[in-house]
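Protein chains in written order, with my numbering: chain A, 6 to 361; chain B, 6 to 361; chain C, 6 to 361. Where is the CB? At the ideal position from N, CA and C, for every residue including glycine. Report on the following structure.
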Amino acid sequence: MSSSSVPLFHTLISARHNVHVGSFHLTSRDAAPACPMPWSVRLTPLRGGRQQGVDLLELAAGDMSIRLVPTRGMGILDVTCGDLRLGWDSPVKEVVHPAFIDLGGRGGTAWLEGFNEYMVRCGLEWFGPPGPEEHHLATAEPPANPLTLHGKIANIPASELWIEVETKKPFRLRVHGKVYEVMQYGPKFELATTLTVTPGEARFTMEDRITNLAGQEQEFGLLYHINHGPPLLEPGSRFVGPVKNVTPRDEESKRGLAKYAQYGPPRAGSLEQAFFLELHGDRRGQTRVMLHNKAGDRGVALGWSLKALPCLTIWKGLHAKEDGYVTGLEPATGYPNPRPAERQAGRVPTLKPGQT
Amino acid sequence: MSSSSVPLFHTLISARHNVHVGSFHLTSRDAAPACPMPWSVRLTPLRGGRQQGVDLLELAAGDMSIRLVPTRGMGILDVTCGDLRLGWDSPVKEVVHPAFIDLGGRGGTAWLEGFNEYMVRCGLEWFGPPGPEEHHLATAEPPANPLTLHGKIANIPASELWIEVETKKPFRLRVHGKVYEVMQYGPKFELATTLTVTPGEARFTMEDRITNLAGQEQEFGLLYHINHGPPLLEPGSRFVGPVKNVTPRDEESKRGLAKYAQYGPPRAGSLEQAFFLELHGDRRGQTRVMLHNKAGDRGVALGWSLKALPCLTIWKGLHAKEDGYVTGLEPATGYPNPRPAERQAGRVPTLKPGQT
Amino acid sequence: MSSSSVPLFHTLISARHNVHVGSFHLTSRDAAPACPMPWSVRLTPLRGGRQQGVDLLELAAGDMSIRLVPTRGMGILDVTCGDLRLGWDSPVKEVVHPAFIDLGGRGGTAWLEGFNEYMVRCGLEWFGPPGPEEHHLATAEPPANPLTLHGKIANIPASELWIEVETKKPFRLRVHGKVYEVMQYGPKFELATTLTVTPGEARFTMEDRITNLAGQEQEFGLLYHINHGPPLLEPGSRFVGPVKNVTPRDEESKRGLAKYAQYGPPRAGSLEQAFFLELHGDRRGQTRVMLHNKAGDRGVALGWSLKALPCLTIWKGLHAKEDGYVTGLEPATGYPNPRPAERQAGRVPTLKPGQT
Numbered sequence: 006m007s008s009s010s011v012p013l014f015h016t017l018i019s020a021r022h023n024v025h026v027g028s029f030h031l032t033s034r035d036a037a038p039a040c041p042m043p044w045s046v047r048l049t050p051l052r053g054g055r056q057q058g059v060d061l062l063e064l065a066a067g068d069m070s071i072r073l074v075p076t077r078g079m080g081i082l083d084v085t086c087g088d089l090r091l092g093w094d095s096p097v098k099e100v101v102h103p104a105f106i107d108l109g110g111r112g113g114t115a116w117l118e119g120f121n122e123y124m125v126r127c128g129l130e131w132f133g134p135p136g137p138e139e140h141h142l143a144t145a146e147p148p149a150n151p152l153t154l155h156g157k158i159a160n161i162p163a164s165e166l167w168i169e170v171e172t173k174k175p176f177r178l179r180v181h182g183k184v185y186e187v188m189q190y191g192p193k194f195e196l197a198t199t200l201t202v203t204p205g206e207a208r209f210t211m212e213d214r215i216t217n218l219a220g221q222e223q224e225f226g227l228l229y230h231i232n233h234g235p236p237l238l239e240p241g242s243r244f245v246g247p248v249k250n251v252t253p254r255d256e257e258s259k260r261g262l263a264k265y266a267q268y269g270p271p272r273a274g275s276l277e278q279a280f281f282l283e284l285h286g287d288r289r290g291q292t293r294v295m296l297h298n299k300a301g302d303r304g305v306a307l308g309w310s311l312k313a314l315p316c317l318t319i320w321k322g323l324h325a326k327e328d329g330y331v332t333g334l335e336p337a338t339g340y341p342n343p344r345p346a347e348r349q350a351g352r353v354p355t356l357k358p359g360q361t
Numbered sequence: 006m007s008s009s010s011v012p013l014f015h016t017l018i019s020a021r022h023n024v025h026v027g028s029f030h031l032t033s034r035d036a037a038p039a040c041p042m043p044w045s046v047r048l049t050p051l052r053g054g055r056q057q058g059v060d061l062l063e064l065a066a067g068d069m070s071i072r073l074v075p076t077r078g079m080g081i082l083d084v085t086c087g088d089l090r091l092g093w094d095s096p097v098k099e100v101v102h103p104a105f106i107d108l109g110g111r112g113g114t115a116w117l118e119g120f121n122e123y124m125v126r127c128g129l130e131w132f133g134p135p136g137p138e139e140h141h142l143a144t145a146e147p148p149a150n151p152l153t154l155h156g157k158i159a160n161i162p163a164s165e166l167w168i169e170v171e172t173k174k175p176f177r178l179r180v181h182g183k184v185y186e187v188m189q190y191g192p193k194f195e196l197a198t199t200l201t202v203t204p205g206e207a208r209f210t211m212e213d214r215i216t217n218l219a220g221q222e223q224e225f226g227l228l229y230h231i232n233h234g235p236p237l238l239e240p241g242s243r244f245v246g247p248v249k250n251v252t253p254r255d256e257e258s259k260r261g262l263a264k265y266a267q268y269g270p271p272r273a274g275s276l277e278q279a280f281f282l283e284l285h286g287d288r289r290g291q292t293r294v295m296l297h298n299k300a301g302d303r304g305v306a307l308g309w310s311l312k313a314l315p316c317l318t319i320w321k322g323l324h325a326k327e328d329g330y331v332t333g334l335e336p337a338t339g340y341p342n343p344r345p346a347e348r349q350a351g352r353v354p355t356l357k358p359g360q361t
Numbered sequence: 006m007s008s009s010s011v012p013l014f015h016t017l018i019s020a021r022h023n024v025h026v027g028s029f030h031l032t033s034r035d036a037a038p039a040c041p042m043p044w045s046v047r048l049t050p051l052r053g054g055r056q057q058g059v060d061l062l063e064l065a066a067g068d069m070s071i072r073l074v075p076t077r078g079m080g081i082l083d084v085t086c087g088d089l090r091l092g093w094d095s096p097v098k099e100v101v102h103p104a105f106i107d108l109g110g111r112g113g114t115a116w117l118e119g120f121n122e123y124m125v126r127c128g129l130e131w132f133g134p135p136g137p138e139e140h141h142l143a144t145a146e147p148p149a150n151p152l153t154l155h156g157k158i159a160n161i162p163a164s165e166l167w168i169e170v171e172t173k174k175p176f177r178l179r180v181h182g183k184v185y186e187v188m189q190y191g192p193k194f195e196l197a198t199t200l201t202v203t204p205g206e207a208r209f210t211m212e213d214r215i216t217n218l219a220g221q222e223q224e225f226g227l228l229y230h231i232n233h234g235p236p237l238l239e240p241g242s243r244f245v246g247p248v249k250n251v252t253p254r255d256e257e258s259k260r261g262l263a264k265y266a267q268y269g270p271p272r273a274g275s276l277e278q279a280f281f282l283e284l285h286g287d288r289r290g291q292t293r294v295m296l297h298n299k300a301g302d303r304g305v306a307l308g309w310s311l312k313a314l315p316c317l318t319i320w321k322g323l324h325a326k327e328d329g330y331v332t333g334l335e336p337a338t339g340y341p342n343p344r345p346a347e348r349q350a351g352r353v354p355t356l357k358p359g360q361t
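Written as structure tokens, this is what we have:
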């Protein structure tokens with residue numbers, strides 16, 4: 006009996022087929038016994054407080070563990086690699102269910118009531134600060150549409166979630182998800198995301214495809230809000246990257262411009278700073294940046310295509326530990342300015358009907 | 006042993022008695038074995054994406070099948086009659102749970118994030134476009150209350166849901182529901198709805214009763230947003246009715262006035278049009294309109310009382326198929342104008358305390 | 006075998022440990038067999054309408070029964086003592102799940118869509134009417150943050166819920182809960198509440214502790230909205246208390262100033278009145294007020310510390326029975342005015358980091 010070369014698929018959630026498996030647990034012992042590096046996948050329903058009803062998906066392979074949140078737009082809660090944790094200590098301790106968040110609340114900033122992920126997508130219709138915007142209704146008199154902080158995608162539960170298991174070398178594990186941001190007289194986006202892990206490697210890749218399901222061209226925006234706290238973030242930590250130029254977002258950021266790539270200690274009451282970067286890429290348009298600790302012996306590297314995500318924002322929230330001591334490295338299609346300004350700067354891309 | 010003449014009742018949901026049966030399945034074989042035309046009733050919990058937690062109730066009798074959504078104010082998702090489907094292809098594919106919709110979002114148009122029913126009620130406190138309105142607070146200084154698109158009733162889950170089975174001729178099946186739109190210093194409405202099917206007949210009736218539970222007179226509004234897509238809607242389809250007069254809603258609609266009763270093909274980027282109609286009724290105040298396809302060999306007829314619903318709006322959304330190619334026939338207590346304008350026109354009726 | 010002096014603990018909900026027991030039932034017979042006065046604790050999931058998913062916790066001891074709502078910020082739905090019920094008949098009959106309420110809706114008054122408790126907390130970041138307020142974002146340009154009626158805490162489910170049982174005299178029963186109102190760039194409050202009942206006594210105590218989890222000083226506000234309807238409220242009922250002075254809230258309240266401590270009959274269409282009181286306390290700062298019926302043979306007494314809650318508001322909503330015939334006695338840190346006015350009056354207290 007030979008092990009099949011066809012990967013195994015397990016459907017965990019499917020709105021299309023009215024499936025939600027509830028809990029789920031699969032190990033390499035059962036699914037890929039030939040795999041020398043043990044792995045496991047576990048779907049757990051969360052309970053209590055504002056996390057009641059949230060699904061958490063945990064992939065563990067070797068000494069790396071990744072926790073995904075299908076209920077919050079397929080964000081990554083955190084990544085643990087040996088004793089290194091990628092993530093941050095948000096004041097929000099629970100994984101908050103979208104039903105408890107009214108994105109329009111708090112002047113359009115209620116998105117922050119659920120914000121605690123290592124990686125959270127901002128978009129897909131827009132990202133950036135709350136503010137006014139003409140809404141593209143198919144009527145002669147469009148009403149004002151107040152944009153809310155960082156858009157909606159992080160507060161939409163995945164409609165489809167399945168895993169893919171290779172039973173032969175390199176024994177890759179994949180998590181696939183689909184999230185829909187759709188309405189009549191509004192956006193019609195499908196986000197199809199695949200996270201791939203090769204057991205034994207201390208890295209993962211994430212591939213997202215956005216499809217415009219509409220019959221018309223549609224503006225979109227996507228920002229990956231990737232947030233680091235201790236231990237990678239500490240006084241003396243540094244950002245390293247092939248920087249072409251740096252623009253501070255505002256007056257407060259100007260004050261920190263000279264030291265934008267260095268990190269100071271937590272400081273209660275300090276204001277956030279943000280820097281807009283252009284980066285150099287290689288011949289294929291790939292770039293790579295790094296955040297490392299003071300000693301320079303631990304770090305994380307992020308690589309992506311500048312063709313898809315030409316802009317990088319560094320967000321420095323060096324607040325008191327209790328208020329969130331954090332820095333975001335945020336590759337995106339644009340910068341988190343008000344959308345009308347981004348549009349004027351030519352940084353609001355569009356997708357044609359059916360285009361991906 | 007004689008079959009009883011007393012109908013059977015099955016409670017599926019009752020907030021009053023703290024009941025929710027979860028899943029439910031009943032067939033004529035078990036409940037009305039004497040019925041020559043087999044029928045079934047099935048309550049299914051939906052799963053995945055934004056439909057997690059929604060209940061779907063399906064009635065099948067002969068070759069007709071009706072899908073109701075108790076969780077969304079007892080709307081009708083679609084009706085299938087042989088190979089004819091009544092409904093439309095909204096960009097919203099899931100049956101969206103109200104918890105995921107903040108009606109005030111998107112400038113008060115977030116109602117559209119869940120809009121995909123064949124028949125959805127708009128009301129009960131108001132319907133029509135979003136906009137400002139003085140709120141009837143029992144205080145000296147009422148704050149502004151921004152009205153949201155088409156009101157709240159479609160996003161309130163039914164508090165009571167039960168079915169009624171006749172075990173003797175004509176073996177009628179009834180679905181009863183109650184939905185409450187209530188708050189202190191606000192509306193206090195009970196919607197009691199009954200859908201009746203006689204197995205073997207290709208028709209159904211829906212009877213709604215609205216009761217003002219308040220101690221004061223209360224304005225209300227009710228519009229039945231009945232939406233048709235293909236196959237009934239196609240280039241060459243026609244609306245037919247005893248029309249007294251037609252008023253276009255806006256400039257864009259004026260352009261389509263001459264052909265308001267005819268339907269063209271889907272057109273990407275086209276604007277919606279709306280026409281406000283007065284209809285003739287018979288001596289009892291009953292009226293009837295029809296939508297039929299190009300060949301005129303398939304159609305749907307809607308009949309209602311002009312005393313209760315004197316106004317009809319035709320909504321033409323002849324957008325690209327992907328954006329919703331649809332027409333709504335919308336009998337109502339008024340027209341979907343801003344409520345202050347409707348009030349001035351005398352089209353906002355009131356209910357006295359306890360009045361139905 | 007001697008009964009232990011160590012109290013027993015039962016965890017019912019814990020977000021920290023991912024626990025939700027679902028249903029729960031415990032009686033003195035099982036847990037404290039030596040207790041001469043039988044008691045029971047029951048956790049029940051509510052079903053149907055807008056109460057789907059709400060947990061109700063009922064404590065019964067002797068002839069007193071208290072119903073708590075962990076899902077709505079640990080409010081008290083009602084208290085029954087023999088044939089006396091503390092509570093009121095709100096137009097809202099269901100115990101509404103927070104997911105169905107968008108607090109920003111209805112001009113910021115949608116809090117009323119779920120308002121039906123005997124005791125509901127208002128706060129913790131603010132309480133009072135909806136209105137504009139500068140938001141304390143850690144940015145140079147804070148957006149406007151529209152405050153919503155009575156704040157958020159009543160619409161946040163408890164993250165932790167456990168009961169504590171004394172197995173020896175005095176056999177006290179305690180319910181502990183924790184509710185978190187937290188976000189980055191916003192409040193970071195922990196509400197830890199303990200309700201204590203001694204079986205056989207017709208009284209209960211509630212002790213709340215608010216901790217500022219932030220790294221910065223933080224304004225807060227807490228108002229206990231304690232609402233009485235029939236039978237305690239009837240024409241001729243009276244408020245009694247050690248009143249220092251009374252200020253009517255507005256013109257309508259001025260009209261009722263002379264009779265602020267007396268209650269008239271329900272009157273359809275009447276406006277609410279509110280009175281702001283200062284009270285005398287004893288040497289330890291404790292005060293006590295009472296509401297009794299016309300005959301003066303039945304009443305409720307409320308006692309609290311003026312150091313923590315120096316302000317008392319009497320709210321008179323003598324509306325038609327169907328609209329809520331109710332009076333609120335509302336001890337608080339301030340009065341329910343717009344927060345900027347309260348701040349100017351020095352009635353918005355603050356908590357230092359870690360302060361309780």
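Discussion item. By the DSSP assignment, the beta strand (DSSP E) with A:S70 in it spans what residues?
Written reply: Translated into positions along the first sequence, residue 70 of chain A becomes position 65. Note, A:S70: beta strand (DSSP E), M69 to V74.
Item to complete: Using the Cα positions of B:E206 and C:G110, report the straight-line distance between them to the nearest angstrom.
Response: In the second sequence, counting from the first residue as 1, residue 206 of chain B sits at position 201. In the third sequence, counting from the first residue as 1, residue 110 of chain C sits at position 105. Distance between the alpha carbons of B:E206 and C:G110 is about 43 Å.
Worksheet item: Taking only beta-carbon atoms, is B:Q56 less than 8 Å away from chain A?
Response: Along the second sequence, read from residue 1 onward, the residue named residue 56 of chain B stands at position 51. B:Q56 counts as touching chain A.
Item to complete: Could you spell out where the alpha helix (DSSP H) holding C:G128 opens and where it closes?
Response: Working through the third sequence from its first residue, we reach residue 128 of chain C at position 123. Boundaries for C:G128: no alpha helix (DSSP H) harbours it, while the beta strand (DSSP E) harbouring it runs M124 to L129, taken from the DSSP string.
Practice prompt. Determine whether the Cβ of C:G112 lies closer than 8 Å to any Cβ atom of chain B.
Written response: By one-based count along the third sequence, residue 112 of chain C stands at place 107. C:G112 counts as touching chain B.
Fill in: Positions along the segment 93-121 of chain C whose CB lies within less than 7 Å of some CB in chain A
The residues in question are P103, A104, D107, L108 and G109.
Practice prompt. Give a yes or no on whether the minimum CB-CB distance between C:E327 and chain B is below 8 Å.
Written response: The count along the third sequence starts at 1 and reaches residue 327 of chain C at position 322. So, interface residue.
Item to complete: Note down, in chain order, each residue of its chain lying with its Cβ closer than 6 Å to the Cβ of A:R214, except the 5 sequence neighbours on either side.
Response: One-based indexing of the first sequence puts residue 214 of chain A at position 209. Result list for A:R214: A197 and T361, in chain order.
Worksheet item: Which residues, in order along the segment 25-53 of chain B, keep a beta-carbon less than 9 Å from a beta-carbon of chain A?
Response: Within the segment 25-53 of chain B, the residues whose Cβ lies closer than 9 Å to some Cβ of chain A are T49, P50, L51, R52 and G53, listed in chain order.
Item to complete: List the residues of chain C whose Cβ lies closer than 7 Å to the Cβ of B:V353, in chain order.
Response: Counted from its first residue, the second sequence places residue 353 of chain B at position 348. Residues of chain C with a Cβ closer than 7 Å to the Cβ of B:V353 do not exist; the shortest Cβ-Cβ separation is about 18 Å.
Practice prompt. Use the C-beta contact count for C:E146: other C-beta atoms within 10 angstroms, 16 or more gives buried, fewer gives exposed.
Written response: Reading the third sequence from its first residue, position 141 is the one you call residue 146 of chain C. The predicted position of C:E146 is uncertain, since its pLDDT is 40 and thus under 50; a value taken from the coordinates is nonetheless stated next. Result: exposed.
Fill in: Closest by C-alpha distance to C:R288, when choosing among C:L311, C:G301 and C:G136
Position 283 of the third sequence, counted from the first residue, corresponds to residue 288 of chain C. For the residues C:L311, C:G301 and C:G136, the minimum Cα distance to C:R288 belongs to C:L311.
Practice prompt. Give a yes or no on whether the minimum CB-CB distance between C:G274 and chain B is below 8 Å.
Written response: Taking the first residue of the third sequence as 1, we reach residue 274 of chain C at position 269. It does; some Cβ of chain B falls within 8 Å.
Worksheet item: Going by the beta-carbon positions, is the gap between C:A20 and C:M79 smaller than 8 Å?
Response: As a first step, residue 20 of chain C must be located in the third sequence, where it is residue number 15. As a first step, residue 79 of chain C must be located in the third sequence, where it is residue number 74. Not closer than 8 Å, so no.
Fill in: DSSP beta-bridge partners of A:P50
Locating residue 50 of chain A in the first sequence gives position 45, where the first residue counts as 1. According to DSSP, A:P50 shares a beta bridge with A:D60.
Worksheet item: Under the criterion of a Cβ to heavy atom distance below 7 Å, does C:E257 qualify as lining the ligand FAD?
Response: With respect to the ligand FAD, the structure shown offers nothing to examine, as it has no ligands at all.
Practice prompt. List the residues of chain B whose Cβ lies closer than 9 Å to the Cβ of A:Q360, in chain order.
Written response: Translated into positions along the first sequence, residue 360 of chain A becomes position 355. Those within 9 Å of A:Q360 in chain B number zero; the least Cβ separation is about 12 Å.
Fill in: Closest Cα partner of B:R254 within the set B:P343, B:G351 and B:G156
Your numbering for residue 254 of chain B matches position 249 in the second sequence. Checking every option, the nearest Cα to that of B:R254 belongs to B:P343.
Worksheet item: Which stretch, first to last residue, makes up the beta strand (DSSP E) that contains C:G80?
Response: In the third sequence, the residue the question calls residue 80 of chain C occupies position 75. Where C:G80 is concerned, the enclosing beta strand (DSSP E) stretches over G80 to C86.
Fill in: CB contact flag (B:L89, B:D83, <8 Å)
Position 84 of the second sequence, counted from the first residue, corresponds to residue 89 of chain B. Position 78 of the second sequence, counted from the first residue, corresponds to residue 83 of chain B. No; because the gap between Cβ atoms is not below 8 Å, this pair is not in contact.
Worksheet entry | Other residues of its chain near A:R77: CB distance less than 6 Å, five sequence neighbours each side excluded | Translated into the one-based positions of the first sequence, residue 77 of chain A becomes position 72. Result list for A:R77: A159, in chain order.
Fill in: Sequence-distant residues of the same chain with beta carbon closer than 8 Å to B:G54, five excluded per side
On the second sequence, position 49 is the one that residue 54 of chain B refers to. The residues are E99.
Discussion item. According to DSSP, simplified to helix, strand and coil, what is A:K259?
Written reply: Taking the first sequence and counting its residues from 1, one reaches residue 259 of chain A at position 254. In the structure shown, A:K259 adopts helical secondary structure according to DSSP, grouped into three states.
Discussion item. For C:E347, report the span of its alpha helix (DSSP H) as first-last.
Written reply: Position 342 of the third sequence holds residue 347 of chain C. First-last of the alpha helix (DSSP H) with C:E347: R344 to Q349.
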